[in-house]
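With the working numbering, you'll find the sequence shown wraps up at 224, consecutive numbering, no jumps. Backbone N, C-alpha and C fix where the C-beta goes; we use that ideal spot for every residue, glycine too. Everything on this sheet refers to the single structure shown next.
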Amino acid sequence: MNPTPPPVPPPVLQGISLSKSFGPTHALDAVDIAVHAGESVAVMGPSGSGKSTLLHCLANIERPDSGEVLLDGERIDQLREPHRSELRRVRFGFVFQFGQLLPELPAVENVALPLMLGGTPRREAERQAREWFAPLGLDGKEDSRPGELSGGQAQRVALARALITGAGVVFADEPTGALDQTTGQEVISLLVRVTKAQNTALVVVTHDESVARWCDRTVRVRDGRIVGDPAARAAVAHTGARQ
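Structural data, given as structure tokens:
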């Protein structure tokens, strides 16, 4: 008798039948997607395909016109704005193409900022922030301002800032787009490795196949629809969610 396989854990983040339009343009058309803890998913597609809109809906930056977004099984797309803002600060982390670090603050304060915004005393927030620098290859850069960092170093600081709150999901929007190929490969390698070590789900929007290859799975978006992602359909069937 074959042993019973272990149950598949529910996804940490799930989009169900997500639709979003901007005027006559259908950016998303009934999209299903699921991401598990510790899993890295690359979202690819041509310009205008809807991949960035999908990230924004999953990250609660934009509300879908219809459908549901679930975080740890709880619906989050209907939250009021103060709760949405708190969720983005505490439970989500973000790494953008140009880092979006505050230029007037040293690196350690950029990393500590989410903690301080949440009420952690400055000294304690900076102590926790400094713990991220050596593991990310940034030892000695704590007091450097963003303008004094290379592009790759700035993205590592952005990664530390994204993870310092213990976020369950990190969203990376073209995280290597402003870097040369060698540095970009170093950054995506580190991003995947560190999020997996933290058991954090990672969603990467990219146009670069070499970046997508670092991820566990690639989801392709075309004309607002996901093309060939059986994992999402299986997750929807598992939850018994409405279609």
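Residue span of the beta strand (DSSP E) that contains residue i, given as start and end
i: K231; result: Since the first residue shown for the chain is -18 and the last is 224, residue 231 is missing from the structure and cannot be characterised.
i: H7; result: 6 to 16
i: S21; result: 21 to 25
C-beta atoms of residue i and residue j nearer than 8 Å
i: A139; j: L82; result: yes
i: V192; j: V184; result: no
i: A148; j: R72; result: yes
i: Q109; j: L96; result: yes
i: G128; j: P84; result: yes
i: V151; j: V200; result: no
i: T176; j: S21; result: yes
i: Q179; j: L144; result: yes
i: D58; j: E49; result: yes
i: V16; j: A182; result: yes
i: L117; j: L172; result: no
i: F114; j: E123; result: yes
i: Q78; j: D154; result: yes
i: T164; j: G133; result: yes
Contact with chain C by residue i, beta-carbon distance below 8 Å
i: R103; result: Judged by its chain identifiers, the structure shown contains no chain C, having just a single protein chain.
Nearest neighbour of residue i, chosen from the options [CA to CA]
i: P54; options: Q(-5), D161, F114; result: Per the sequence shown, residue 54 should be read as Gly rather than Pro. Considering only alpha carbons, the answer is Q(-5).
i: V208; options: F3, T6, D13; result: D13
i: S47; options: G132, P63, L130, A11; result: A11
i: L130; options: P87, W195, A93; result: P87
i: A8; options: L94, E67, G31; result: G31
i: R228; options: G19, V89, R70, Q162; result: In the structure as shown, the chain starts at -18 and stops at 224, and residue 228 therefore has no counterpart that could be examined.
i: T235; options: T101, L68, D58, V202; result: Here the chain covers residues -18 to 224 and nothing more, so residue 235 does not appear.
i: L98; options: T146, R174, D58; result: T146
i: G26; options: D189, C196, D197; result: D189
i: P(-8); options: E107, L51, S28, Q59; result: L51
i: E105; options: V92, G205, D161, L60; result: V92
i: F3; options: G19, G100, R61, E43; result: E43
i: G74; options: L60, L94, E62; result: L94
i: T6; options: A23, S125, G29, A18; result: G29
i: G205; options: Q162, V24, P63, G19; result: V24
For residue i, the first and last residue of its enclosing alpha helix (DSSP H)
i: S33; result: 32 to 39
> Which ranges does the alpha helix (DSSP H) cover as unbroken runs of at least 4 residues, wholly within the segment 49 to 116, from first to last along the chain?
Replying inline: 62 to 71, 88 to 98, 103 to 111
> Looking at C-beta atoms only, is the number of pairs between the segment 30 to 46 and the segment -6 to 4 that lie closer than 8 Å three or more?
Replying inline: yes
>> So within the segment 137 to 208, which uninterrupted beta strand (DSSP E) runs reach at least 3 residues, ignoring any that extend past its ends?
In response: 150 to 154, 182 to 186, 198 to 203, 206 to 208
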